[in-house]
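Okay, so the sequence shown: first residue is 539 according to the numbering used here, each after it adds one. Worksheet: the structure to be examined is printed underneath.
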Amino acid sequence: MNIYVGNFGYEASEDQVRNIFSTYGEVTTVKLISDPLTGRLKGFGFIEMPNNSEAEKAINELNNSRLDDQVITVNEARPKTTNLNSGTNRRY
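The structure is reproduced here in structure tokens:
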């Protein structure tokens, strides 16, 4: 299951996030999203856990918990939606 984690501090590390989630089960990947120009973390990321029941337990236990004095949001990641109208130049 792919898990979204949001609102963590800019000083969080992939190892730190992996350690927190691995207490609930196997973590296959951790991807913290950073700004491509500055390299600074954007405060959200994605964790992949292969076992759905372990992932659901992690979501239930960690949502609204604290990570480095930040209350984090944890939920199942949703597929990125595409906006069919993006990039169009509409004139009225």
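Idealized CB from N, CA, C, for every residue including glycine.
ask   = If you count every other CB in all the chains shown that lies within 10 Å of the CB of L570, and 16 or more means buried, which is it?
value = Using a 10 angstroms sphere on the CB of L570, the tally of other CB atoms reaches 16 or more, which defines it as buried.
query = Is L575 buried or exposed, if buried means 16 or more other CB atoms sit within 10 Å of its CB?
reply = exposed
query = According to DSSP, is F559 helix, strand or coil?
reply = helix
Segment limits, beta strand (DSSP E) that includes I585 = First-last of the beta strand (DSSP E) with I585: 579–586.
ask   = Okay, do the region 577–589 and the region 550–568 touch, 3+ Cβ pairs below 8 Å being the bar?
value = yes
key: Cutoff 8 Å; reference N601; Cβ partners in own chain excluding five residues on either side   = I610, T611, V612, N613
ask   = So what does DSSP say about L600, is it helix, strand or coil?
value = helix
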